[in-house]
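Our numbering applies: residue 12 is where the sequence shown begins, and numbers increase by one.
Let me begin by presenting the structure, written as structure tokens, before commenting on it.
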Amino acid sequence: MGATQNPQQAQKTAERLGAAPKRAAPQRRPDEPSFQELFHAWLESHRASLVDSLRRLARQPVGSFFTCLVIAIALALPMGLALLLNNLERLGGSWQSAAQISVYLKLDASDADGERLREEIAGMPDVAAAEWISREQALAQFQAQSGLGQALKDLPENPLPGSVLVTPREIDKVALEMLRQRLAELPKVDQVQLDLLWVERLGAILKLGDRFVFGLALLLVLALLLVIGNTIRLHIENRRSEIEVIKLVGGTDGYVRRPFLYMGALYGLGAGLLAWAVLAYSLDWLNGAVVRLAGLYGSDFALAGVPTADGLSLVLGAVLLGYIGAWLAVARHLSELAPK
Numbered sequence: 012m013g014a015t016q017n018p019q020q021a022q023k024t025a026e027r028l029g030a031a032p033k034r035a036a037p038q039r040r041p042d043e044p045s046f047q048e049l050f051h052a053w054l055e056s057h058r059a060s061l062v063d064s065l066r067r068l069a070r071q072p073v074g075s076f077f078t079c080l081v082i083a084i085a086l087a088l089p090m091g092l093a094l095l096l097n098n099l100e101r102l103g104g105s106w107q108s109a110a111q112i113s114v115y116l117k118l119d120a121s122d123a124d125g126e127r128l129r130e131e132i133a134g135m136p137d138v139a140a141a142e143w144i145s146r147e148q149a150l151a152q153f154q155a156q157s158g159l160g161q162a163l164k165d166l167p168e169n170p171l172p173g174s175v176l177v178t179p180r181e182i183d184k185v186a187l188e189m190l191r192q193r194l195a196e197l198p199k200v201d202q203v204q205l206d207l208l209w210v211e212r213l214g215a216i217l218k219l220g221d222r223f224v225f226g227l228a229l230l231l232v233l234a235l236l237l238v239i240g241n242t243i244r245l246h247i248e249n250r251r252s253e254i255e256v257i258k259l260v261g262g263t264d265g266y267v268r269r270p271f272l273y274m275g276a277l278y279g280l281g282a283g284l285l286a287w288a289v290l291a292y293s294l295d296w297l298n299g300a301v302v303r304l305a306g307l308y309g310s311d312f313a314l315a316g317v318p319t320a321d322g323l324s325l326v327l328g329a330v331l332l333g334y335i336g337a338w339l340a341v342a343r344h345l346s347e348l349a350p351k
């Protein structure tokens, strides 16, 4: 008998021997595009949409500029207030002085005791700085400020105690109260004085400012979404017939949406750059008056400009805001553009 086997018998023999049958790899059809071709087409589609959006904005330079300017002013308002609050917080030296804790020592405490106490207080984690004021220094300061120099000189002895002025690291009511109690338990300490009412008022003012900026920013963001959405809606209406033809020949929603998303992002980019420029110019213009006012009080305080990180965040946020506004506008009207 011959050793020839049919294909089915050969396959069964191979399975008994444990050899898995080899399957041919799927062949790509000649007319099917490769991944590289598909990726290149995707990039070309995005490039064409971006160029088309830039061209359409360039055809209306005045309208595009004023649209970006309106958005920029709305963006600059909360950002400017936030920067002003940050500049006010840079006056931490004077605010911390208002929240200083005065540690009065007993009258029998010597200067050496005061210096040791100052070093111990300065080493605490909640303390930013500590200054020792001797009894003689306290008397000299009181004579200069009160105008009773001659009367104080006639006193038989110095009635003022030595003290340590403590500057806390954090202006917080609970933390300051805990620090005051710790200082009151130190040796040679007679009295610890802290004006918590002023600290509460200061904290309330700062929180009020933060909430006001947050609320204003939220309202303006909603308004900007409406502005950008209405602007994109006008562009959609101007291209309604073109979009209907594109959808009639099989254009996808993503293909129709893409140019308007780029347009919204471009509006946001222009508005973000304009807002950055407006803030920089406004702070520089206001800084002259601030410097003159601070000079009258013997201070060298000056407003800081727009930090680069904040400026970049502003531009990126504006681009994202424009993108979201355009997406919402197109999503709302896309169903209306279907060919009938």
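Glycine included, C-beta positions come from ideal geometry on N, C-alpha and C.
Identify which residue in the options has its Cα closest to the Cα of residue i.
| i | options | result |
| --- | --- | --- |
| L280 | A228, I239, F153 | I239 |
| L229 | R58, V203, M90, P72 | M90 |
| L339 | S252, A300, I247, W296 | I247 |
| L116 | R70, N97, L86, I144 | I144 |
| P136 | L237, E181, L49 | E181 |
| G265 | E100, P318, L345 | L345 |
| L297 | L80, A69, R58, N98 | N98 |
| R129 | M189, Q154, L194, Q71 | L194 |
| N169 | V175, L197, L118 | L118 |
| D201 | A288, F50, A120, V267 | A120 |
| I132 | L92, F153, P318, S174 | S174 |
| E147 | E126, A139, L171 | L171 |
| A139 | E255, L187, D295, Q154 | L187 |
| V81 | L304, V232, R250 | V232 |
| L284 | W53, L49, F76, K258 | F76 |
| R58 | R127, R70, M274 | M274 |
| V289 | C79, D311, S252, I335 | C79 |
| R343 | S252, D295, L245, L304 | L245 |
| R250 | R67, E43, Q154, R127 | R67 |
| E211 | E43, D183, E253 | D183 |
| Q192 | G226, F46, V114, A155 | V114 |
Would you call the CB atoms of residue i and residue j closer than 7 Å?
| i | j | result |
| --- | --- | --- |
| D124 | K218 | no |
| V177 | A149 | no |
| A83 | A282 | yes |
| A215 | L272 | no |
| L235 | A85 | yes |
| S56 | P270 | no |
| G322 | A276 | no |
| A313 | V326 | no |
| V224 | L92 | yes |
List the endpoints of the continuous beta strand (DSSP E) containing residue i.
| i | result |
| --- | --- |
| T413 | Residue 413 falls outside the range modelled here, since the chain spans only 12 to 351, and no answer is possible. |
| L194 | First-last for L194: 184 to 195, but that is the alpha helix (DSSP H), not the beta strand (DSSP E). |
| D201 | 200 to 204 |
| A315 | Run containing A315: none; DSSP gives neither H nor E here. |
| S145 | Careful: S145 lies outside any beta strand (DSSP E) and carries neither H nor E. |
| P136 | Taken as a continuous stretch (DSSP letters only), P136 belongs to no beta strand (DSSP E), as it is neither H nor E. |
| L171 | Per DSSP, L171 belongs to no beta strand (DSSP E) and is neither H nor E. |
Looking at the secondary structure, which residues open and close the alpha helix (DSSP H) in which residue i lies?
| i | result |
| --- | --- |
| T263 | Run containing T263: none; DSSP gives neither H nor E here. |
| S324 | 319 to 344 |
| D119 | Note, D119: premise wrong, no alpha helix (DSSP H); not H, not E. |
Please report the Cβ distance between residue i and residue j, rounded to the nearest whole angstrom; I am assuming they are in contact, meaning their Cβ atoms lie under 8 Å.
| i | j | result |
| --- | --- | --- |
| G262 | A291 | Not a contact, Cβ separation roughly 43 Å. |
| L208 | I112 | In fact, because the Cβ distance is near 14 Å, the residues do not count as touching under 8 Å. |
| A300 | A329 | Wrong, their Cβ atoms sit about 29 Å apart, outside the cutoff. |
| L94 | D221 | About 13 Å separates the two Cβ atoms, so there is no contact after all. |
| Y278 | T319 | Wrong, their Cβ atoms sit about 23 Å apart, outside the cutoff. |
| V341 | R268 | 5 Å |
| P179 | L197 | P179 to L197, Cβ: 16 Å. No contact. |
(Q) Ignoring anything shorter than 4 residues, give me the alpha helix (DSSP H) runs that lie fully in the segment 222 to 277, in order along the chain. (A) 251 to 259
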